[in-house]
Amino acid sequence: MDTQNKGGASMKDSSLGSFLQQLRKENQLTQKELASQLHVTDKAVSKWERDLSAPDISLLIPLAQILGVSTTELLQGRRMADPPQAETESSVAEALRYSDRQVRHRLRRLWAHALLLFSALCLLAAGICLLCDFCLSGRLSWSLIVLLSLALAWVVTVPLFQAKVHRVRACFLALSLALIPYLLGLWTLLPLPLPFTLATAAVSLAGLWAAYGVCRKLRHRPWRAAGAVLLLTIPVSFLIDSLFPALLSPPVQAFPTPEAGFSALTTLLLALACLGIDYARTHHTPPA
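Throughout the sequence shown, residue numbering follows this note's numbering, covering 6 to 293 in sequence.
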């Protein structure tokens, strides 16, 4: 028993979470300060300390360095009476790096296989639509619109599989670059006024990037972000609905339809619900 207690608390009496909390307080760090050094959220640190989750394997080495312990001690969840030798610590660190590289390699292969599957499904859907359209009408008509939409979906989705960082931002950028050619293609296939098509694209892109900015700004408060984005969709929807009558020749005065009003009211209620949940979560005081 004395031998067990010599090195500190046993794993039965201690846990990684409590050990992390002890080390953080010894280093006079708040959860937010520790999280910022590791580029994670303070909620992630809170979950580690409550043993609800564990740090990613790629974070163990920098986490140990910040908290001033060896990687071996961090993995064992306790201080050791005899600090591990440099060779041992180096071997543990190299093993962690190798494991992290293997995990990242598997993830890259998984994303590559997912992209191949998605591309194959797009090609299959395009082939089926072309065949059905030609067999039913003897020419290609509506299938060209489907082909154009599938091409847009593929271009926008590829960054999700290929980008190493900022996947969502890459998808938004791809959408911004591909939307105008897509709408011009639709304009050649459908009897839509070109000014309406371009104006709708501009308003939609502005709304999408505004929503992205809100989500980036409030990324640590998802319910508030959801409420803000829902509120943003209301003026964007009304603006798009009013574009078509305004761009007709001659212009026609647009009046909100009951359906548009009901949709706006529903969106407003959902936004208020999200903001209410955010307020309750933010001002909730956990029991002592």
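Note that the Cβ used here is the ideal one computed from N, Cα and C, for glycine as well.
Put simply, of L274, G266 and S58 the residue whose alpha carbon is nearest the alpha carbon of L236 is L274. When the beta-carbon positions are compared, N32 and L72 come within less than 8 Å of each other.
Counting only runs of 4+ residues, the alpha helix (DSSP H) found wholly inside the segment 191-254 occupies 199-222 and 227-251, in chain order. The beta carbon of A69 sits closer than 8 Å to the beta carbons of S75, T76, E78 and L79 from its chain, once the five residues preceding and following it are set aside; these are given in chain order.
Spanning the alpha carbons of H225 and A216 requires a straight line of approximately 15 Å. With 16 or more other Cβ atoms inside 10 Å of its own Cβ, E54 counts as buried. Here the segment 181-190 makes contact with the segment 143-158; the two share three or more CB pairs at distances below 8 Å. In this structure, V50 lies near A40, with their beta-carbon atoms less than 8 Å apart.
At the C-beta level, V219 and I245 stay beyond 8 Å of one another. The closest CA to that of V108, considering only L121, A117 and I62, is found on I62. Excluding the 5 residues flanking it on each side, A130 has same chain C-beta neighbours closer than 8 Å at V151 and L155, in chain order.
Distance check between V161 and each of S148, W147, C176 and K169 places C176 closest, using alpha-carbon atoms only. Counting along the chain, the unbroken alpha helix (DSSP H) around D47 starts and ends at D47 to E54.
Excluding sequence positions up to five before and after V163, its CB lies within less than 8 Å of the CB of L120 and A179, all in the same chain and listed in chain order.
Residue environment for G132: exposed (fewer than 16 other C-beta atoms within 10 angstroms of its C-beta). Per DSSP, S146 lies in no alpha helix (DSSP H) and is assigned neither H nor E. Contact annotation: W214 and T202 have beta-carbon atoms that are not nearer than 8 Å. In the structure shown, Q70 adopts helical secondary structure according to DSSP, grouped into three states.
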